[in-house]
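*Asks:* Residue numbers (my numbering): 2 to 307.
Think of the CB as a built atom: it goes at the ideal place given N, C-alpha and C, for glycine as much as any other residue.
The structure's right below; bear with me while I get my questions together.
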């Protein structure tokens, strides 16, 4: 089989595997020719999961200077009735001498990465408890300038508040930002420094303190991000104050926006809509929450209502 065809087969097998399925590594060890082809393909190894430190370090070595798609997923993994348990993988043979460790990664998993490797990260996906997220993201300040896709999921019940240093770093290449139980202030560098942000997803369960930000901050952000194609905000808008409510809303034009999803209280949803100018092909969905009861109602809004 020609090397380029075999390489393509490896990529297809890897892409079809889950984050906890290492069979594609075993397949690459079937014979010397297959191993040589696999080792010569740097991008085959550029997706290290830092939850497994020893394996991640070997993958980083093989990835050389390829752009990195790094993950650290410490949430429980369940498939059907089976729960993933790292201890059951202790000592498992990968065929190349590496092992999936049964221990947890250290509190600061990004310390596995050299400064040079951190500078090559273009995608970073973290799902962990709050302290791990904080220590992880603050381990390489200012090094994630090539980051294009950034996803942070806080698995604890308490939101990460906007005082953490990673939100002050520069992210000029960022295109997609997905935050769950972890929100930045609308004036943070995390939101304002990307040059071509295309997707924004902020989901929180607990509304931030009143007047932590203003709607003027939101409008400033929107003006700086005209390339947005998708916005999803759940309890992430600032509470309206009297100053905003008395103002005539300033319209912000988002010509590329194709999907807008909001979950918030009625006043904030209405005011946000009143500040936007979007095209008729944008899909809009709003879920309006009543503040003083558990009553919740969804509204599918046509663009003619904006």
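In whole angstroms, give me the CA-to-CA distance for residue 278 and residue 191.
*Replies:* Position 277 of the chain shown, counted from the start, is the residue given in the question as residue 278. Position 190 of the chain shown, counted from the start, is the residue given in the question as residue 191. Using only the alpha carbons, I get a separation of about 24 Å.
*Asks:* What residue range is occupied by the uninterrupted beta strand (DSSP E) comprising residue 127?
*Replies:* Sequence index remark: in the chain shown, residue 127 carries index 126 (1-based). Its beta strand (DSSP E) spans residues 122–129.
*Asks:* Roughly how many whole angstroms lie between the Cα atoms of residue 66 and residue 223?
*Replies:* Locating residue 66 in the chain shown gives position 65, counting from the first residue. Locating residue 223 in the chain shown gives position 222, counting from the first residue. Their Cα atoms are separated by approximately 35 Å.
*Asks:* Are the CB atoms of residue 119 and residue 138 within a distance shorter than 8 Å?
*Replies:* Here residue 138 corresponds to residue number 137 of the chain shown, with the count starting at 1. Here residue 119 corresponds to residue number 118 of the chain shown, with the count starting at 1. No.
*Asks:* What do you reckon, are the CB atoms on residue 154 and residue 199 nearer than 8 Å?
*Replies:* Reading the chain shown from its first residue, position 153 is the one you call residue 154. Reading the chain shown from its first residue, position 198 is the one you call residue 199. In this structure, residue 199 does not lie closer than 8 Å to residue 154 by Cβ.
*Asks:* Helix or strand or just coil, what does DSSP make of residue 282?
*Replies:* Numbered from 1 along the chain shown, position 281 holds the residue referred to as residue 282. Three-state result, residue 282: coil.
*Asks:* So, is the C-beta of residue 141 closer than 8 Å to a C-beta in chain C?
*Replies:* Note that chain C does not occur in the displayed structure, where there is just one protein chain.
*Asks:* Enumerated in chain order, which unbroken segments of the alpha helix (DSSP H) with a length of 4 residues or greater are wholly contained in the stretch 17–68?
*Replies:* 24–28, 33–40, 54–64
*Asks:* How big is the Cα-Cα spacing for residue 59 and residue 26?
*Replies:* Counting from one through the chain shown, the residue named residue 59 turns up at place 58. Counting from one through the chain shown, the residue named residue 26 turns up at place 25. Distance between the alpha carbons of residue 59 and residue 26 is about 12 Å.
*Asks:* Is residue 205 helix, strand or coil when you go by DSSP?
*Replies:* Translated into positions along the chain shown, residue 205 becomes position 204. DSSP, read as helix, strand or coil, puts residue 205 in coil.
*Asks:* Please classify residue 81: is it buried, with 16 or more other beta-carbons within 10 angstroms of its beta-carbon, or exposed?
*Replies:* Start at 1 with the first residue of the chain shown, and residue 81 comes out as number 80. Annotation note: pLDDT 39 at residue 81 (below 50); position unreliable, coordinate value reported separately. The Cβ neighbour count for residue 81, taken over all protein chains shown within 10 Å, is under 16; the residue is labelled exposed.
*Asks:* Please name the residue or residues paired with residue 2 in a DSSP beta bridge.
*Replies:* Taking the first residue of the chain shown as position 1, residue 2 is located at position 1. Note: residue 2 sits in no beta bridge, so no partner.
*Asks:* Report the three-state DSSP secondary structure of residue 179 (helix, strand or coil).
*Replies:* In the chain shown, the residue the question calls residue 179 occupies position 178. Collapsing the DSSP output to three states places residue 179 in a strand.
*Asks:* For residue 250 versus residue 280, is the C-beta spacing smaller than 8 Å?
*Replies:* Taking the chain shown and counting its residues from 1, the one referred to as residue 250 is at position 249. Taking the chain shown and counting its residues from 1, the one referred to as residue 280 is at position 279. In this structure, residue 280 does not lie closer than 8 Å to residue 250 by Cβ.
*Asks:* Quick one: grab the DSSP three-state call for residue 188.
*Replies:* Working through the chain shown from its first residue, we reach residue 188 at position 187. Note: residue 188 maps to coil in three-state DSSP.
*Asks:* When we look at the beta-carbon of residue 211 and count the other beta-carbons within 10 Å, is it buried (16 or more) or exposed?
*Replies:* In the chain shown, the residue the question calls residue 211 occupies position 210. Caution applies to residue 211, whose pLDDT of 47 falls short of 50 and renders its modelled position unreliable; the value that the coordinates give is listed next. Residue 211 should be labelled exposed.
*Asks:* Specify the secondary structure class of residue 262 as computed by DSSP and reduced to three states.
*Replies:* Mapped onto the chain shown, residue 262 falls at position 261. In the structure shown, residue 262 sits in a strand (DSSP, three-state: E or B).
*Asks:* From the DSSP output, read off the bridge partner residues of residue 172.
*Replies:* The sequence position of residue 172 within the chain shown is 171, counting from 1. None; residue 172 has no bridge partner.
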